[in-house]
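Undergrad:
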Amino acid sequence: MYRILTTEGRAKRAQLETVHGTIQTPVFMNVGTVAAIKGAVSTEDLEGIKTQVELSNTYHLHVRPGDKIIKKMGGLHKFMSWNKPILTDSGGFQVFSLASLRKIKEEGVYFNSHVDGRKIFMGPEESMRIQSNLASTIAMAFDECPSSVADRHYVEASVARTARWLERCKTEMNRLNGLEDTINKKQLLFGINQGAVFDDIRIDHAKRIAEMECDGYALGGLAVGESHEQMYHVIDETVPYLPQDKPTYLMGVGTPANILEAVERGVDFFDCVYPTRNGRHGHLYTNQGKINLFNARYELDERPIEEGCVCPACRRYSRAYIRHLLKAKEMLGMRLCVLHNLYFYNTMMEEIREALDQGDFAAYKKRKLDGMCQSGENSAEI
RNA sequence: GUGGGUAUGGCGCAGUUGGCUAGCGCGCCAGAUUGUGGCUCUGGAGGCCGAGGGUUCGAGUCCCUCUAUCCACC
0 MYRILTTEGR
10 AKRAQLETVH
20 GTIQTPVFMN
30 VGTVAAIKGA
40 VSTEDLEGIK
50 TQVELSNTYH
60 LHVRPGDKII
70 KKMGGLHKFM
80 SWNKPILTDS
90 GGFQVFSLAS
100 LRKIKEEGVY
110 FNSHVDGRKI
120 FMGPEESMRI
130 QSNLASTIAM
140 AFDECPSSVA
150 DRHYVEASVA
160 RTARWLERCK
170 TEMNRLNGLE
180 DTINKKQLLF
190 GINQGAVFDD
200 IRIDHAKRIA
210 EMECDGYALG
220 GLAVGESHEQ
230 MYHVIDETVP
240 YLPQDKPTYL
250 MGVGTPANIL
260 EAVERGVDFF
270 DCVYPTRNGR
280 HGHLYTNQGK
290 INLFNARYEL
300 DERPIEEGCV
310 CPACRRYSRA
320 YIRHLLKAKE
330 MLGMRLCVLH
340 NLYFYNTMME
350 EIREALDQGD
360 FAAYKKRKLD
370 GMCQSGENSA
380 EI
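Per numbering that gives the first Met the number 0: the first sequence = residues 0 to 381.
(1) Sorted by chain position, which residues of the same chain lie with C-beta nearer than 7 Å to GLU260's C-beta, five sequence neighbours on each side aside?
(2) Identify which residue in GLY307, GLU329, ASP359 and LEU325 has its Cα closest to the Cα of TYR342.
(3) Do you know whose CA, among HIS59, ASN111 and THR161, lies nearest GLN130's CA?
(4) Give the DSSP bridge partners of TYR284, in chain order.
(5) Which residue's Cα is closest to the Cα of GLN409: TYR297, THR5 and LYS184?
(6) Can you have a look at SER378 and say buried or exposed, based on whether 16 or more other CB atoms are within 10 angstroms of its CB?
(7) At 4 residues or longer, and completely inside the region 333-381: list those alpha helix (DSSP H) runs for me, N to C.
(8) Hey, ASP267 and VAL26 are a contact pair by Cβ (cut 8 Å); roughly how many whole angstroms apart?
(9) Could you please give me the residues that DSSP links to THR6 through a beta bridge?
(10) For GLY215, which three-state DSSP category applies?
(11) Relative to the alpha-carbon of THR17, which residue among CYS271, LYS102, CYS310 and ASP214 has its alpha-carbon at the smallest distance?
(12) In angstroms with no decimal places, state the Cα-to-Cα distance between CYS310 and ASN345.
(13) Have a look at the DSSP bridge pairing and note the partners of ASP88.
(14) According to DSSP, what are the bridge partners of ASN111?
(15) Scan the region 177-222 and note each continuous alpha helix (DSSP H) run of 4 residues or more that stays entirely inside, going in chain order.
Set out below in C-alpha cells:
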C-alpha cells in the first residue's frame, strides 16, 4: 500500500507499506549485490546508519550461492539476517553490464557466468522464480537496458520486447505468489520503463506498462553514459506518464545532486553504487562536497571526515588515520568510509523527507547544493 | 688477501654489435567510476645512469683507476 503524505510541485513525500515494514520515501536503498554491502558492512551496521531498504541482485545470487539454497535457508531475509525490506534487481542490468558474456533472444538472455563460465539462461519467468525463491520484498521486472548509444531502431525493438517481458513477469509473479510453498506470497513487482533518450519511445512505453498494474514503476537505462541534462529531461518527460499513485524508482542513480534533482521531478526510490564503491576508493561525501582521502593533504588532518557527523567513522577517527588504513589496504579503512557514505546518503534522504513534510524542499535543495558546490579543498563534482 | 659478479628515479629491474628527448613493474601524486566482477582505466612528478679519467663525431653501453656491495675460495 503506497500512500502519498504530501507533495511539493511534483516532489512526493510518501510511504510504502510492505510485509517487511513501512518504507518512508524518498528513500535511498543501500546496494548489497551479493547479499552483502561491500566493505565488510554487516546488517547490524546497517541498522545503525538509518538503512531502510537493502538491495540485492537476482543474477549474482542465482550464480552464487544459488537461489534454491537461499530458499532452503528460509529466504534472503533470514539468510542475511535482515528483517526490513529488500529489493532485488532482476538481472536485467547484467544483460547490459555483462554484455560481452551474453546473447539476447525473445525468450530471454543466455549468459556465460562471470564466476565459472557455465551457461545460464534467464528470461522473465526464470527471473521471477529466482526472486520468489529469494523472497525479497520487492521484485523488479526482467528488462533489457539498451546502451545509451544504441540507435533508435534497436531501442524501439528492445523496448517492445521489454514490454512483452513485463506481461510475462506479471503472469508468472501472480502464479508464484499463489503457490503454497512460496515464502513471500505478497512479493511486490515493479515494472521498468526504458527507451534510452528518445522521449516518444519512453512515453509510449510508460503508457503501455502503466496499464499492467504493477506495484511500482522504475525508470531504467539512465546514468549509463548520457549527460545529466539528458537524464533530467527524460525524467521530466516520462514521470507524468508513470502512475503517480505508485512509487517511482530511478534505477542506479546517483550523486547527491542527481537525487535532489530527481526528487524534485517526482522520484521516490533510488539506489546507487556510489556511496559504497566510492567509499572503498576513499571518496567521501560531505556537506561541503566530495573529498578524496587518498590525497596527500589529509596525511596530518586530525579532523573527522565531516565535522559534526555522528557516523561510526566520524564519531571516533581522524582523516589521517582513515587515510593510513586505506593506503595500507586495511579492511577497516574501506568499512569506515562505506559506513560514512551510506550514513551521509541516508541522512540526506531523511532531511529531504523532513523538508517535504515542512513544505520547504525547494529551499533545502538549494542550500544543500550550494554547500556541496563550495569551492576550495573539495571537488565540485557531486 | 685472491678470484668472480653487481652498481641505472623511493624499491626491484630492462637497456640489443656504443647512436634519436634512458624504459618497465611496484610505490608516489592526481583524475575517472551511476540497477557493483573489492576491479579496472587514464594522466603526472621523479634519474648528475656509483665517482674520476680516457677512447670516439657520439658512452648507461668500450678501457683504466677508485669506492661501495654481494658470492666463492684461502
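We treat Cβ as the ideally placed atom computed from N, Cα and C, and that holds for glycine.
TA: On the basis of the data shown:
(1) By one-based count along the first sequence, residue 260 stands at place 261. These residues qualify, in order along the chain: TYR231.
(2) Taking the first sequence and counting its residues from 1, one reaches residue 342 at position 343. Looking at the Cα atoms, GLY307 is the closest of the given residues.
(3) On the first sequence, residue 130 is found 131 positions in, with the first residue counted as 1. Checking every option, the nearest Cα to that of GLN130 belongs to HIS59.
(4) Start at 1 with the first residue of the first sequence, and residue 284 comes out as number 285. Per DSSP, LYS289.
(5) Residue 409 lies beyond the range of the chain shown here (0 to 381); nothing can be said about it.
(6) If you number the first sequence from 1, residue 378 lands on position 379. Confidence at SER378 is low in this model, with a pLDDT of 46, below 50, so its placement is unreliable and no value can be given for it.
(7) 360-371
(8) In the first sequence, counting from the first residue as 1, residue 267 sits at position 268. In the first sequence, counting from the first residue as 1, residue 26 sits at position 27. Contact holds; Cβ gap of about 7 Å.
(9) Translated into positions along the first sequence, residue 6 becomes position 7. Beta-bridge pairing links THR6 to LYS11.
(10) As a position in the first sequence, residue 215 is number 216, starting the count at 1. Strand.
(11) Here residue 17 corresponds to residue number 18 of the first sequence, with the count starting at 1. Among CYS271, LYS102, CYS310 and ASP214, the Cα nearest to that of THR17 belongs to ASP214.
(12) As a working mapping, residue 310 is identified with position 311 in the first sequence. As a working mapping, residue 345 is identified with position 346 in the first sequence. Rounded to whole angstroms, CYS310 to ASN345 spans 11 Å at the Cα level.
(13) One-based indexing of the first sequence puts residue 88 at position 89. In DSSP, ASP88 forms a bridge with ASN56.
(14) Along the first sequence, one-based indexing puts residue 111 at 112. LYS118, per the DSSP bridge assignment.
(15) 198-209
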